[in-house]
Amino acid sequence: MRNYQLKMEEGLAVFRASISYPASISIDKIINQCNIKAKTLKVELESHFKPVKFKKDCFLVETLQKCYEEVTGLDGTPVTTTGGTYAKIMPNIVPFGPSFPGQKGIGHNPNEWMSIEDIITNAKIYALSLYELAK
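Counting from 13, one number per residue, gives the positions in the sequence shown under my numbering.
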């Protein structure tokens with residue numbers, strides 16, 4: 013849960029939160045469980061973006077994996093993250109970003125960083141990916 017807010021609106025305590033959840037569960041089930049657990053509260057959905065999920069053998073995923081492996085020489089087995097993504101609001105978009113050995117925990121921090129070498133490698137991956145997907 014992130015981006016939460018607690019305030020008074022029209023005499024009621026209102027708590028708003030942004031949650032991420034796996035594609036294997038429906039938002040309706042989550043809302044239902046919240047209502048069951050919070051018997052004295054009312055749980056409502058204000059807005060919703062479905063989780064993004066692509067099969068590993070999908071053309072887009074296979075192409076991006078191949079490009080990552082070709083440029084880096086590393087295993088490019090796709091991984092998922094718990095964060096939000098631009099792909100939730102655009103159809104047929106695979107979230108795809110840099111992740112190299114030794115980079116654990118560097119993103120989305122106050123002093124987010126990436127080495128120049130990794131930036132160049134990332135640019136090569138993106139360039140090859142765009143070329144291959146445009147064919």
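Beta carbons: idealized from backbone N, C-alpha and C, even for Gly.
Query raised in the report: Grouping DSSP H, G and I as helix and E and B as strand, with all else coil, what is alanine 25?
Result: On the sequence shown, residue 25 is found 13 positions in, with the first residue counted as 1. Looking at alanine 25 - three-state DSSP - the assignment turns out to be strand.
Report task. In the DSSP assignment, find the unbroken alpha helix (DSSP H) run with isoleucine 42 in it and report its ends. Result -> Within the sequence shown, the letter at position 30 stands for residue 42. Segment 39–49, the alpha helix (DSSP H) holding isoleucine 42.
Requested in this report: Would you kindly check if the distance between the Cβ of alanine 25 and the Cβ of tyrosine 16 is under 8 Å?
Outcome: By one-based count along the sequence shown, residue 16 stands at place 4. By one-based count along the sequence shown, residue 25 stands at place 13. Going by C-beta atoms, tyrosine 16 is not nearer than 8 Å to alanine 25.
Query raised in the report: Between glycine 85 and glutamine 77, which are expected to be in contact by the criterion C-beta below 8 Å, what is the C-beta distance as a whole number of angstroms?
Result: Here the question's residue 85 lines up with position 73 in the sequence shown. Here the question's residue 77 lines up with position 65 in the sequence shown. 13 Å between Cβ atoms; not a contact.
Query - Straight-line Cα distance separating isoleucine 118 from methionine 126 - result: The residue you call residue 126 lines up with position 114 of the sequence shown. The residue you call residue 118 lines up with position 106 of the sequence shown. Rounded to the nearest angstrom, the two C-alpha atoms are 8 Å apart.
Query raised in the report: Which runs of the alpha helix (DSSP H) spanning at least 4 residues fall entirely within the stretch 118–147, listed in chain order?
Result: 128–146
Query raised in the report: Measuring CA to CA, which of Glu129, Val106, Pro122, Ile101 is closest to glycine 114?
Result: Numbered from 1 along the sequence shown, position 102 holds the residue referred to as residue 114. The shortest C-alpha separation from glycine 114 is found at Glu129.
Query raised in the report: Thinking just about the alpha-carbon of each residue, which of Glu58, Asn44, Tyr98, Ile132 is nearest to the one in proline 110?
Result: Position 98 of the sequence shown holds residue 110. The shortest Cα separation from proline 110 among Glu58, Asn44, Tyr98, Ile132 belongs to Ile132.
Query raised in the report: Going straight from the alpha carbon of lysine 100 to that of lysine 67, what length do you get?
Result: By one-based count along the sequence shown, residue 100 stands at place 88. By one-based count along the sequence shown, residue 67 stands at place 55. Lysine 100 and lysine 67: Cα-Cα distance of roughly 16 Å.
**Report entry** Helix, strand or coil at lysine 78 [DSSP, three-state]
**Finding:** Taking the sequence shown and counting its residues from 1, one reaches residue 78 at position 66. Note: lysine 78 maps to helix in three-state DSSP.
Query raised in the report: Does the Cβ of tyrosine 80 have 16 or more other Cβ atoms within 10 Å, making it buried, or fewer, making it exposed?
Result: On the sequence shown, position 68 is the one that residue 80 refers to. Under this definition tyrosine 80 is a buried residue.
**Report entry** For lysine 19, three-class secondary structure by DSSP
**Finding:** As a working mapping, residue 19 is identified with position 7 in the sequence shown. If DSSP states are grouped into helix, strand and coil, lysine 19 belongs with the strands.
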